[in-house]
Amino acid sequence: MVNTKASRTAVLGAVMLSFLAVPAPASAAEDTPRAAAPAAPDLVGLGTVLNTARRQGAPGAFARVDDNGTVHRVRRGISDRRTGRTIATTDRFRIGSVTKVFSAVVLLQLVDEGRLNLDSPVNRVLPGLLPDDRITVRHVLSHRSGLYDYTNAMFARSVSGFEAVRNKVFTYRQLVGRSLSHPRTGTPGGAYAYSNTNFVVAGMLIEKLTGQSVATAYRTRIIEPLGLTNTFYVHPGTALPGTHTRGYLTSDTAGAAPVDATRQTVSWAQSAGALISNARDLNVFTSALLRGRLVSPASLTRMTKWTKVNSTTAYGLGLRRRTLSCGVSVYGHTGAVQGYYTYAFTSKDGRRSLTAMANTSNNSRVLDTMLGTLESAFCGKSAAPRAAVPVEPRAAIGAGVIDEG
Numbered sequence: 023m024v025n026t027k028a029s030r031t032a033v034l035g036a037v038m039l040s041f042l043a044v045p046a047p048a049s050a051a052e053d054t055p056r057a058a059a060p061a062a063p064d065l066v067g068l069g070t071v072l073n074t075a076r077r078q079g080a081p082g083a084f085a086r087v088d089d090n091g092t093v094h095r096v097r098r099g100i101s102d103r104r105t106g107r108t109i110a111t112t113d114r115f116r117i118g119s120v121t122k123v124f125s126a127v128v129l130l131q132l133v134d135e136g137r138l139n140l141d142s143p144v145n146r147v148l149p150g151l152l153p154d155d156r157i158t159v160r161h162v163l164s165h166r167s168g169l170y171d172y173t174n175a176m177f178a179r180s181v182s183g184f185e186a187v188r189n190k191v192f193t194y195r196q197l198v199g200r201s202l203s204h205p206r207t208g209t210p211g212g213a214y215a216y217s218n219t220n221f222v223v224a225g226m227l228i229e230k231l232t233g234q235s236v237a238t239a240y241r242t243r244i245i246e247p248l249g250l251t252n253t254f255y256v257h258p259g260t261a262l263p264g265t266h267t268r269g270y271l272t273s274d275t276a277g278a279a280p281v282d283a284t285r286q287t288v289s290w291a292q293s294a295g296a297l298i299s300n301a302r303d304l305n306v307f308t309s310a311l312l313r314g315r316l317v318s319p320a321s322l323t324r325m326t327k328w329t330k331v332n333s334t335t336a337y338g339l340g341l342r343r344r345t346l347s348c349g350v351s352v353y354g355h356t357g358a359v360q361g362y363y364t365y366a367f368t369s370k371d372g373r374r375s376l377t378a379m380a381n382t383s384n385n386s387r388v389l390d391t392m393l394g395t396l397e398s399a400f401c402g403k404s405a406a407p408r409a410a411v412p413v414e415p416r417a418a419i420g421a422g423v424i425d426e427g
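Position one of the sequence shown corresponds to residue 23 (the numbering used here), numbered consecutively onward.
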């Protein structure tokens, strides 16, 4: 087994001195720094967004903004439809595809340690896994591998698809096999096409190169160094530890009661979307990443070489950039796992971070509405009217689509 603790300490010492969008041609556009500082957060606007999400079907929703030492918390509604418990910004929840940023960070740390080359074929590390030796680690982390997203077929119908896998435990190879049973969506290095398969492959790379489970890699390389006391990878366990908000999956049948989706293995996602966390921890994490505390400056530059997705969004290596109506760009990821929608983003300098969550899924209106939390948190009262916020085009959101791409 590799001594990752010693190598991780060395890397940290050196460093201290993230919606199916219309595919676009790959391009590595440089990030453009924004001269103007973000306006003060609009807390009234945040409350308005959360109230709208509730009217649209979310039992509860909250937002936490960490603004260079000042904490703002806004919450609305309930965390549990049975008991009526009020939702709290300290609640733990399933973060879905925000997990992808954790997986990308671990792989970039391995690059910093000289144990991985982003432009090496995946099959060099995992012989025979993929049908094309041209697919590189960089292609996987930037969603330009052309590998079909197996969750599209798995969750063609939200509730029945979810119930079929709620308690199942998959191997990584079984999930990759589901992808490879479908035609590929493009050629390696070509157009961006969001696929959870890519970050299943990322998990396999982590485990192969470290000799550890992804749970151990996350814990020793990110969770413990940052003091993320509310962040857990419990797969294949089904329970959220401690005080948490319950997640509700909107029924496929209009008017039917939502399905409590809180307990599940999330084995269909694993390194693509199975982490549990809370708002404080996610804000610490995204801020630390953009401040250079997790990877070297060179690797942070690698993560922020952007592939354009559409006019407001670009994707790097496991990291998303969104440009808001006021011209400010924010960095992080979104997550949509059964029962939970999450936005976790930070400013370019890491000084202001937002995590917002609604405890529903399979409800595209709520997902679109929660985008407004970014506008209120980073644009403040200068934000454009909510209806003017650009929303990425995508296919219908199913139960298992961890992210909108």
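Don't be surprised by glycine CBs; every beta carbon is placed ideally from N, CA and C.
Using a 10 angstroms sphere on the CB of asparagine 90, the tally of other CB atoms stays under 16, which defines it as exposed. Contact check for serine 293 and threonine 74: beta-carbon distance about 33 Å, past the 8 Å limit, so the pair fails to qualify. For histidine 355, the secondary structure class from DSSP, reduced to helix, strand or coil, is strand. For aspartate 89, the enclosing beta strand (DSSP E) begins and ends at 82-89. Excluding sequence positions up to five before and after tyrosine 255, its CB lies within less than 7 Å of the CB of Val236, Ala237, Tyr240, Ala296, Leu297, all in the same chain and listed in chain order.
With a threshold of 16 other beta carbon atoms within 10 Å, glycine 82 meets it and is buried.
Between asparagine 381 and alanine 61, the gap from beta carbon to beta carbon reaches 8 Å or more.
Around the CB of aspartate 88, 16 or more other CB atoms lie within 10 Å, so the residue is classed as buried. Annotated as distal: asparagine 305 and arginine 114, with beta-carbon spacing of 8 Å or more. Shortest Cα-Cα distance from valine 144 to any of Gly136, Asp155, Ala110 involves Asp155. Histidine 355 and aspartate 303 have their alpha carbons spaced roughly 14 Å apart. Between arginine 98 and leucine 72, the CB-CB gap stays under 8 Å. Taking each of Phe221, Phe177, Asp171, Lys190 in turn and checking the Cα distance to serine 201, the smallest one comes out for Asp171.
Around the beta carbon of threonine 111, 16 or more other beta carbons lie within 10 angstroms, which makes this residue buried. Annotation: the region 339-400 contains the following complete segments of the beta strand (DSSP E) (minimum length 3 residues), in chain order: 342-345, 351-359, 362-369, 374-380.
Counting only the Cα atoms, methionine 226 lies some 20 Å from isoleucine 245. CA-to-CA, the gap between threonine 242 and alanine 85 works out to about 28 Å. One thing to note: asparagine 384 has its Cβ no nearer than 8 Å to the Cβ of serine 101.
Taking the C-beta atoms as reference points, alanine 126 is found nearer than 8 Å to methionine 325.
For leucine 393, the closest alpha carbon among the candidates Gln360, Gly361, Val352 is that of Val352. For alanine 261, there is no enclosing beta strand (DSSP E), as DSSP marks it with neither H nor E. An exposed status is given to threonine 193, since fewer than 16 other beta-carbon atoms sit within 10 Å of its beta-carbon. Here DSSP, grouped into helix, strand and coil, assigns serine 182 to helix.
Contact annotation: valine 317 and aspartate 134 have beta-carbon atoms nearer than 8 Å. Per the Cβ contact rule, the region 264-277 is in contact with the region 360-367 (3 or more Cβ pairs under 8 Å). The Cβ-Cβ distance between leucine 346 and leucine 396 falls below 8 Å.
Rounded to the nearest whole angstrom, the CA to CA distance from threonine 329 to alanine 213 is 9 Å. Less than 8 Å divides the Cβ of isoleucine 228 from the Cβ of valine 128.
The distance from the Cβ of leucine 151 to that of leucine 339 is about 19 Å, inconsistent with a contact at the 8 Å cut-off.
In the DSSP assignment, tyrosine 337 falls within the beta strand (DSSP E) that extends over 335-337. Residue pairing by DSSP puts leucine 271 in a beta bridge opposite Val281, Ser383. Inter-residue distance for arginine 313 and threonine 251 is about 20 Å (C-alpha atoms, whole angstroms). DSSP lists Arg114 as the bridge partner or partners of asparagine 300. At least 8 Å separates the beta-carbon of glycine 208 from that of glycine 264. In this structure, DSSP gives proline 247 a helical state, which the three-state scheme calls helix.
Phenylalanine 254 has Ile298 as its beta-bridge partners, per DSSP.
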